[in-house]
Structure formats: C-alpha cells, structure tokens
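Residue numbers (my numbering): 82 to 334.
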Amino acid sequence: MFKYSIVRTPAWSIINGLRSSDTGQPDYMLALEQHSTYTATLKRLGLEVKILPPLEKYPDSTFIEDVALCTKKCAVITSPGAESRRGETESLYTVLLGYYKNIEKITLPGTVETGDIMMDGDHFFIGISKRTNIEGADQMIRILEKNGMTATKVPLKNMLHLKSGVSFLENNTLLVAGEFKQTEVFKKFKRILVDEEESYAANSLWINGKVLVPEGFPKTRKKIESAGFETIILDVSEFRKVDGGLSCLSLRF
Ligand code: CIR
Numbered sequence: 082m083f084k085y086s087i088v089r090t091p092a093w094s095i096i097n098g099l100r101s102s103d104t105g106q107p108d109y110m111l112a113l114e115q116h117s118t119y120t121a122t123l124k125r126l127g128l129e130v131k132i133l134p135p136l137e138k139y140p141d142s143t144f145i146e147d148v149a150l151c152t153k154k155c156a157v158i159t160s161p162g163a164e165s166r167r168g169e170t171e172s173l174y175t176v177l178l179g180y181y182k183n184i185e186k187i188t189l190p191g192t193v194e195t196g197d198i199m200m201d202g203d204h205f206f207i208g209i210s211k212r213t214n215i216e217g218a219d220q221m222i223r224i225l226e227k228n229g230m231t232a233t234k235v236p237l238k239n240m241l242h243l244k245s246g247v248s249f250l251e252n253n254t255l256l257v258a259g260e261f262k263q264t265e266v267f268k269k270f271k272r273i274l275v276d277e278e279e280s281y282a283a284n285s286l287w288i289n290g291k292v293l294v295p296e297g298f299p300k301t302r303k304k305i306e307s308a309g310f311e312t313i314i315l316d317v318s319e320f321r322k323v324d325g326g327l328s329c330l331s332l333r334f
C-alpha cells in the first residue's frame, strides 16, 4: 500500500512539452482541471499528497514520475535522457529529504527516466529505451542491490518508456501492450493483453486496491474489471497530447 504521493502542478509551458506525434496542443486550463481531479483521487485513495509548484522553465515537469524512484528503502534522483528535462531534478533533493534519509543519484553519462522502471515488490524491471541507457540502468541496479533489492533490464524498441506499454497491477498481474506481449520475462505473470487500438490504456495505475484507467478505453477497462480489479476512470486527454499518462503524474511510495 502507498502512503505518500508527490505531484507537480503543470506549468503553462506544458503546451510546448515533448511529444512524439502531433495530436494538438494541450489546453492548459483543462490540464489544470484534470490534474486537480487526479490529485483529489490520490487523496481519496488514502494518500497524503504533496503538491509542488509549477516549473515554467521545464514544460514536462508535471511528469514528476520520471525524475525520481521512490522505494521502500531509498529514493533515487534520476538523470533524464531528454536534455530539456535534466534541470527538473534540481529542486527534488530537498523535497525528498522530507521523506527519506537515504537519497542516491544517477549521474551522466548514465541516463534514467522512471517511466522506464516498473516495480514488483522488491524487484524492478528497467527498460532500456531512448531515455534510459545501459550505464544509467547499471547505476540504478547497483543502488537497488546495495539496498537489498533486485532488478532486470528489459530492452525496448518502439515505446517511449517501459510503462507506456506495461503496468504491474499487483496480484502477480500485468497489463501488457504492443512489443511487451513477446517479452519473455513478462510471460510468468498473469497477463491482461491490451488491444492495439487501446494501447495507451496499458499505462493504468494500481493504487491501494484500485486501478486508475484513462477515459476512453472501454475494452481494457472491462478486461481489468474481469480480472477482479475495481477501476476508477480519469480523463487525462491533455497529458496524452504530450505523451504523458496516469503513472507519470505522480511519485507514489
Ligand atoms: C516526455 O516526453 O518526456 C514527456 N512529454 C512525457 C513523459 C511521460 N512520462 C512517463 O511516461 N513516465
């Protein structure tokens, strides 16, 4: 169960956020509204939520998941692969000190974005992507092992991040889309396979017994419910326009 969460209010500059395809500019006011519903949902699920102020200089800074890994034993500040996101880590150390004594750091030339890290208890899957390189993943693995945890590297071909295509829903269950349907290490789990046209919904988010699912993906929602999970539907359309999903909007620990 998670106790704490940290989110960052979207900056107006999110309209210039990184994106892999052009599906229109986010509507800032709507993004703010969706973010505040998201935050209220985390609170409803029992989390104590810290809301950090917007960072105008960093358009993607609301995707706070990418800049830290918060485990039971330590926190790790990452080293984003996207150059425009590197400065997002600056203010984090002081924030994390409010929760952790043990704070580590990934350093260049290592790069890691936590969208590439999926947690299964004390084990972590680390995607090797355009944003997370082998050097960064190896630094992360050394830190995790030093703290009594383990990790496995998973190569990625097409997706932005590992969790763009696979989510751990607890109870040994994974939600899996696209290229990860073939990934050997995921075959030992009970897998819910996401249809191609609903691939975005692979980034659904387990929090304290419920699964948050993005609005507009009825087939995936139904499959998750049939597997025995209660769902909560949230509209994150404005974050999707800049490749963001439900998990990227918070740190949870
Ligand atoms: C980026 O490209 O970095 C942002 N526009 C989206 C980040 C999404 N983060 C995530 O999936 N963890």
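Cβ atoms here follow ideal geometry from the backbone N, Cα and C, with glycine treated the same way.
Is residue i near the ligand CIR, in the sense that its beta carbon is under 7 Å from a heavy atom of that ligand?
{"i": "A218", "result": "no"}
{"i": "H341", "result": "Past the edges of the chain, shown from 82 to 334, lies residue 341, and the structure says nothing about it."}
{"i": "L173", "result": "no"}
{"i": "L327", "result": "no"}
{"i": "G259", "result": "no"}
{"i": "G309", "result": "no"}
{"i": "E323", "result": "According to the sequence provided, residue 323 is Val. The question's Glu does not apply to it. Result yes, Cβ under 7 Å from the ligand CIR."}
{"i": "D147", "result": "yes"}
{"i": "G297", "result": "no"}
{"i": "S245", "result": "yes"}
{"i": "D141", "result": "yes"}
{"i": "F206", "result": "no"}
{"i": "F144", "result": "yes"}
{"i": "R166", "result": "yes"}
{"i": "G196", "result": "yes"}
{"i": "A283", "result": "no"}
{"i": "A92", "result": "no"}
Can you find the residues in the same chain that come closer than 8 Å, C-beta to C-beta, to residue i, ignoring five residues on each side of it along the sequence?
{"i": "I305", "result": "L250, L256, I273, S285, V292, V294 and T312"}
{"i": "R167", "result": "S160 and P161"}
{"i": "L128", "result": "F83, K84, Y85, S86, I288, N289 and R333"}
{"i": "L113", "result": "T90 and P91"}
By Cβ distance below 6 Å, which residues in the same chain neighbour residue i in space, the five residues on each side in sequence not counted?
{"i": "F144", "result": "G325 and C329"}
{"i": "L133", "result": "R89"}
{"i": "I184", "result": "A156 and L177"}
{"i": "D316", "result": "Q115 and E296"}
{"i": "L136", "result": "A92 and S142"}
{"i": "Y181", "result": "A156"}
{"i": "E322", "result": "Reading off the sequence, residue 322 comes out as Lys, not Glu. T104, G105 and P107."}
What are the start and end residues of the alpha helix (DSSP H) that includes residue i?
{"i": "G217", "result": "I215 to K227"}
{"i": "F320", "result": "S318 to R321"}
{"i": "K303", "result": "P299 to S307"}
{"i": "T264", "result": "Unbroken run through T264: none, as it is neither H nor E."}
{"i": "L178", "result": "L173 to L178"}
Excluding the 5 residues preceding and the 5 following residue i in the sequence, name in chain order all residues of the same chain whose CB lies nearer than 7 Å to its CB.
{"i": "P101", "result": "The sequence shown places Ser at residue 101, not Pro. Closer than 7 Å at the Cβ level, and outside the excluded window around S101, lie L241 and D324."}
{"i": "L332", "result": "S86, I87, I145, E146, A149 and C151"}
{"i": "T192", "result": "S160, P161, G162, R212, T213, N214 and G217"}
Report whether the distance from the Cβ of residue i to the nearest heavy atom of the ligand PLP is below 7 Å.
{"i": "L99", "result": "Among the ligands in the structure shown, the ligand PLP does not appear; only the ligand CIR can be found there."}
Under the assumption that residue i contacts residue j (Cβ atoms under 8 Å), give the Cβ distance between them as a whole number of angstroms.
{"i": "L189", "j": "S210", "result": "Not confirmed; about 16 Å, so no contact."}
{"i": "E169", "j": "Y139", "result": "5 Å"}
Between which two residues does the beta strand (DSSP E) carrying residue i extend?
{"i": "M199", "result": "I198 to D201"}
{"i": "R272", "result": "K271 to L274"}
{"i": "F249", "result": "V247 to F249"}
{"i": "L128", "result": "Run containing L128: none; DSSP gives neither H nor E here."}
{"i": "P140", "result": "First-last for P140: undefined, no H or E at that position."}
{"i": "K234", "result": "T231 to P236"}
{"i": "S86", "result": "Y85 to R89"}
{"i": "L315", "result": "E311 to L315"}
{"i": "E185", "result": "I184 to K186"}
{"i": "F206", "result": "H204 to I209"}
{"i": "W287", "result": "L286 to I288"}
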